[in-house]
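Report on the structure given below.
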Amino acid sequence: MCDKGRGMCICDGCKAYFCTRHFNEHRQQLSMQFDRDVVKIHDDLLEQIHSVKQPNIVSDDLCAQIDDWETSTIVKIKKVAQLARHQVIQLFSQETQSLTENLGTVADEIRTLLKEDSFAEDDIERLQLKLNQLQKSLDQQSQTENVKLIIDDRIDWNRLIYAEKQKGKEKKSSAIEICFPLSSILFNEKGHFYFRISIAL
Ligand SMILES: [Zn+2]
Ligand SMILES: [Zn+2]
């Protein structure tokens with residue numbers, strides 16, 4: 164501040180009076196202060212934001228874990244599907260197996276009778292009856308669906324794996340978590356398997 168200066172200038176900010184020379188110095192100081200306290204702080208902040216964004220390592224890591232989950236889940240589903248196919252084939256072959264066995268005993272009898280040429284009317288009637296019964300069983304088997312598929316479609320696929328922001332108590336830490344509860348029936352897991360990954364950004 165000047166007391167002897169002529170051509171007084173007043174600074175609108177601090178309401179102080181200056182001579183021209185000191186006013187210019189004051190302006191220079193202000194501009195340095197502006198640079199230090201505003202522009203530089205802004206630039207620092209911008210840099211920090213970029214450096215936080217840059218570690219795509221974090222999101223890459225989470226994505227890699229999702230990839231792993233995807234692969235292992237597909238493997239599990241394929242295994243279960245293969246098992247179900249096996250069950251279908253086995254259940255159907257069980258049905259026809261007993262019919263084949265019964266028809267086999269009839270065939271033995273037919274062969275014996277033909278070989279010995281010893282059949283009479285009652286043999287024809289008896290064997291005819293047996294064959295009719297077997298025919299009936301076969302018709303019934305193909306008519307009724309003894310084997311049916313039980314599919315559990317209660318799986319909420321959108322909740323099977325998902326990412327969400329963690330409500331962390333620590334200040335300045337924002338985190339993302341990936342959750343994948345697995346369906347108990349489909350994946351032979353007891354209860355829900357809950358996987359949690361937390362990474363502070
Ligand atoms: Zn001033
Ligand atoms: Zn002055």
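Remember, the numbering used here sits 163 above the position in the sequence shown when you count from 1.
Glycine included, every Cβ here is placed at the ideal spot set by N, Cα and C.
Mind reading off the beta-carbon distance from residue i to residue j? Whole number of angstroms is fine, and I expect it under 8 Å.
i, j, result
"Leu-301", "Leu-262", "6 Å"
"Asn-265", "Leu-297", "6 Å"
"Asp-286", "Leu-294", "Contact flag wrong, Cβ pair sits at about 12 Å."
"His-402", "Cys-174", "The question about residue 402 has no answer, for the chain in this structure spans 164 to 364."
"Val-413", "Val-310", "Nothing can be reported for residue 413, as the shown portion of the chain is limited to 164 through 364."
"Cys-182", "Met-171", "7 Å"
Between residue i and ligand 1, is there a pair consisting of the residue's CB and a ligand heavy atom that are separated by less than 7 Å?
i, result
"Cys-182", "no"
"Gln-185", "At residue 185 the sequence reads His, which differs from the Gln that was named. No, Cβ of His-185 sits at least 7 Å from all heavy atoms of ligand 1."
"Gly-170", "no"
"Ala-227", "no"
"His-189", "yes"
"Ala-179", "yes"
Mind checking which residues open and close the alpha helix (DSSP H) that includes residue i?
i, result
"Lys-239", "219-279"
"Leu-323", "320-323"
"Phe-186", "183-197"
For this session: Could you say if the segment 258-270 and the segment 222-235 meet the contact criterion of at least three C-beta pairs nearer than 8 Å?
Result: The segment 258-270 vs the segment 222-235: no contact.
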